[in-house]
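Inspection log for the structure reproduced underneath, given as structure tokens.
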Amino acid sequence: MKKLLYQFDTDALPSVFDNVVAYDGGADQVIPYGSVSPENVGGLVEGAIFTRAPKDKKNTAIFVGGGNLLAGEALFQAVQKKFFSNFRVSLMLDSNGANTTAAACVAWLSHGRSLQGMEAVILAGTGPVGQRAAVMLAQEGVRVTLTGRQLDRTQATCDAIAQRFGVTVHALAAPDLASRAAAVQQADIIVGTGAAGVVLLEEAQWKDLPRLKLIADANASPPAGIAGIDLMDKGRERHGKLAFGAIGFGALKLALHRACVARLFEQNDLRLDAAEIYAIAKTMVG
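When the letters of the sequence shown are read in order and numbered with the numbering used here, they come out as residues 10 to 295.
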């Protein structure tokens with residue numbers, strides 16, 4: 010029996026990246042749908058859960074993606090509301106690659122060490138990857154500060170994280186280089202999750218920080234989001250700190266994405282969101 014993965018994308022054009030990785034993860038056929046929303050997903054889910062016998066339902070799975078994390082979360086919840094009894098299939102959420110990217114990054118940061126009690130600052134953290142990294146670091150016992158250009162939007166993001174995941178993340182407005190440099194003065198961990206083309210920190214602003222131990226930049230396009238970090242860094246020592254670049258932990262992100270897809274076909278009731286994906290990442294790092 011073929012392993013069928015239904016790709017529900019909140020964008021009009023389903024992600025080619027997610028489609029390719031789904032095949033590489035072991036799906037025999039990937040069926041993409043674009044512009045999927047909580048309002049129109051019902052019939053699609055019913056088609057997935059009613060068509061195969063209980064013993065065969067593990068061969069059908071659903072992947073929720075798209076560029077908008079909030080829309081993806083709403084769709085993820087809407088799909089689950091259609092499940093009942095054994096009429097369910099395994100389901101994964103990875104809008105904008107946020108879960109797998111953040112999980113790979115934080116898994117490397119925590120590899121071989123305890124992060125408990127550390128202070129982390131996530132620069133430009135209101136986007137999908139920053140939000141998920143904040144959750145994962147907070148769950149490791151880290152005091153997390155998330156920065157953004159506007160305090161009200163940043164605080165709203167932190168409030169949403171607290172409501173959904175039950176962890177506290179602190180908001181700070183840091184719209185320019187000077188304010189971001191001030192924000193990281195007492196940080197043990199710095200993670201940059203800004204948009205491509207934006208320099209979040211100059212090298213001189215972090216290289217001599219006495220408390221800083223770990224620094225990661227999720228930006229894969231030049232210029233580096235955090236100057237002085239190379240794309241390929243994977244625990245490389247720079248100025249006495251361990252540095253991680255987007256491609257350095259990106260290899261784990263891709264392997265993790267494939268591994269998660271493969272797990273969807275092992276049972277019919279798996280639910281992969283931030284916590285579950287991060288747990289898998291921690292078994293794969295190293």
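For each residue, glycine too, the CB sits at the ideal point set by N, CA and C.
Asked: Which residue marks the beginning of the alpha helix (DSSP H) containing A190, and which one marks its end?; Found: L186 to A192
Asked: Sorted by chain position, which residues of the same chain lie with C-beta nearer than 7 Å to V54's C-beta, five sequence neighbours on each side aside?; Found: V88 and K91
Asked: My guess is that A308 and V138 are in contact by the Cβ rule of under 8 Å, so how many angstroms apart are they, rounded?; Found: Because the chain is modelled from 10 through 295, residue 308 falls outside the range shown and cannot be assessed.
Asked: For the alpha helix (DSSP H) containing G257, name the first residue and the last one.; Found: A255 to L273
Asked: Quick one: any contact between the stretch 244–252 and the stretch 275–286, if contact means 3 or more CB pairs under 8 Å?; Found: no
Asked: Can you list, in chain order, the residues of its chain whose CB lies under 7 Å from that of G51, leaving out five sequence neighbours each side?; Found: K91
Asked: What is the DSSP secondary structure of D168, counted as helix, strand or coil?; Found: helix
Asked: Can you list, in chain order, the stretches of the alpha helix (DSSP H) that have 4 or more residues and sit fully within the stretch 112–139?; Found: none
Asked: Would the stretch 218–230 and the stretch 200–208 be scored as touching if the rule is three or more Cβ pairs under 8 Å?; Found: yes
Asked: Apart from the five residues on each side of it in sequence, which residues of its chain come closer than 8 Å, Cβ to Cβ, to R162?; Found: T135
Asked: Let me know if S104 comes out buried or exposed under the rule of 16 or more other beta-carbons within 10 Å of its beta-carbon.; Found: buried
Asked: Thinking C-beta only, is A180 closer than 8 Å to L160?; Found: yes
Asked: Are the CB atoms of A129 and V328 within a distance shorter than 8 Å?; Found: The question about residue 328 has no answer, for the chain in this structure spans 10 to 295.
Asked: Do you know offhand how far C167's Cα is from A62's?; Found: 43 Å
Asked: Under the three-state reduction of DSSP, which class applies to D27: helix, strand or coil?; Found: helix
Asked: Residues in its own chain within less than 6 Å of P184 by CB, not counting five upstream and five downstream?; Found: R158
Asked: By the 10 Å Cβ neighbour count, where 16 or more other Cβ atoms means buried, how is F253 classified, buried or exposed?; Found: buried
Asked: For A111 and G76, what's the separation of their Cα atoms in angstroms?; Found: 15 Å
Asked: By Cβ distance, which residues of its chain are closer than 8 Å to V30, with the 5 residues on each side in sequence left out?; Found: L263, H266, R267 and V270
Asked: From the DSSP output, in three-state form, read off L90 for me.; Found: Sequence inspection shows Lys at residue 90; the Leu mentioned does not correspond to that position. K90: helix per DSSP, three-state reduction.
Asked: Given a threshold of 16 other Cβ atoms within 10 Å of its Cβ, counted over all protein chains shown, does Y42 qualify as buried or as exposed?; Found: exposed
Asked: Is V151 helix, strand or coil when you go by DSSP?; Found: coil
Asked: Hey, quick one: how far does the alpha helix (DSSP H) through L298 stretch, first residue to last?; Found: Any answer about residue 298 is impossible in this case: the structure gives the chain only from 10 up to 295.
Asked: Take G175 as the anchor and find which of A147, F85 and L13 has the nearest alpha-carbon.; Found: A147
Asked: Between F59 and F96, is the Cβ-Cβ spacing less than 8 Å?; Found: yes
Asked: Check the DSSP bridge columns for V73 and list the partner residues they point to.; Found: F17 and L102
Asked: State the CB to CB distance for the pair P47 and L22, rounded to an integer number of angstroms; the pair is presumed to be in contact (CB under 8 Å).; Found: Not quite, the Cβ-Cβ distance comes to about 19 Å (not below 8 Å), so this is no contact.
Asked: Which of helix, strand or coil does DSSP assign to Q38?; Found: strand
Asked: Using the C-alpha atoms, what's the distance from A187 back to I40?; Found: 47 Å
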